[in-house]
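Participant: Numbered by my numbering, the letters in the sequence shown go through residues 559 to 673 in order.
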Amino acid sequence: MKQLKAKTQNKRVNKSIVKKLADYFVRNGYVRLPKETPKTKKSSGSRKGYEIRFVAKNKSELKELKQLLAEADFKSGKPFDKFNQSVLPVYGKEQFFRFKELLAGLKIRIRNHKK
Numbered sequence: 559m560k561q562l563k564a565k566t567q568n569k570r571v572n573k574s575i576v577k578k579l580a581d582y583f584v585r586n587g588y589v590r591l592p593k594e595t596p597k598t599k600k601s602s603g604s605r606k607g608y609e610i611r612f613v614a615k616n617k618s619e620l621k622e623l624k625q626l627l628a629e630a631d632f633k634s635g636k637p638f639d640k641f642n643q644s645v646l647p648v649y650g651k652e653q654f655f656r657f658k659e660l661l662a663g664l665k666i667r668i669r670n671h672k673k
């Protein structure tokens with residue numbers, strides 16, 4: 559039997575949208591990556607997967623970030639407050655690598671968040 563591979567087609571994202579997302583990310587965004595060593599039963603931590611975090615200074619920035627991510631076909635998580643700012647997470651390995659590719663097109667490198 560022939561196996562079919564599902565290929566996800568990414569829609570083309572407008573360069574102005576990518577530039578605005580990159581500006582927000584470079585300003586004070588960061589990424590969290592899974593630990594490379596497997597977890598033991600005793601270790602407790604919530605870092606389970608790939609995560610991009612965008613930080614918004616106010617509610618209007620948060621609203622704009624949500625719109626930009628939706629237009630770029632990214633699914634954002636639930637925003638949370640951190641130090642009088644709002645953080646908008648984007649979860650998932652596929653979304654992480656897709657965002658990394660978009661930034662590479664603008665010659666921006668992603669550095670890992672160290673904890």
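From the three backbone atoms N, C-alpha and C, an ideal C-beta is built for every residue, glycine too.
Would you check if the distance between the CB atom of Leu626 and the CB atom of Pro637 is smaller than 7 Å?
Facilitator: No.
Participant: So, for Gln653: in the same chain, excluding its five sequence neighbours on each side, which residues have a beta-carbon less than 8 Å away from its beta-carbon?
Facilitator: Around Gln653: Tyr608, Ile610, Phe632, Lys633.
Participant: Does the beta-carbon of Phe655 have 16 or more other beta-carbons within 10 angstroms, so that it is buried, or is it exposed?
Facilitator: With fewer than 16 other Cβ atoms within 10 Å, it is exposed.
Participant: So what does DSSP say about Glu594, is it helix, strand or coil?
Facilitator: Looking at Glu594 - three-state DSSP - the assignment turns out to be coil, as it is neither helix nor strand.
Participant: Quick one: grab the DSSP three-state call for Phe632.
Facilitator: Note: Phe632 maps to coil in three-state DSSP.
Participant: Out of Ala630, Lys606, Val648, which one is the CA nearest neighbour of Ser574?
Facilitator: Comparing Cα-Cα distances from Ser574 to each of Ala630, Lys606, Val648, the minimum goes to Ala630.
Participant: In this structure, does DSSP put Lys573 in helix, strand or coil?
Facilitator: Residue state, collapsed to three classes: helix.
Participant: Could you compute how far the alpha carbon of Thr566 sits from the alpha carbon of Arg585?
Facilitator: Below a pLDDT of 50, predicted positions are generally treated as unreliable, and Thr566, at 49, falls in that range; no measurement from the model is reported.
Participant: Drop a sphere of 10 angstroms on the beta-carbon of Gly587, count the other beta-carbons inside from all chains shown, and report buried for 16 or more, exposed for fewer.
Facilitator: Its Cβ being crowded by 16 or more others within 10 Å, Gly587 is buried.
Participant: With DSSP run on the structure shown, which of helix, strand or coil describes Leu646?
Facilitator: If DSSP states are grouped into helix, strand and coil, Leu646 belongs with the strands.
Participant: What is the DSSP secondary structure of Arg611, reduced to helix, strand or coil?
Facilitator: Looking at Arg611 - three-state DSSP - the assignment turns out to be strand.
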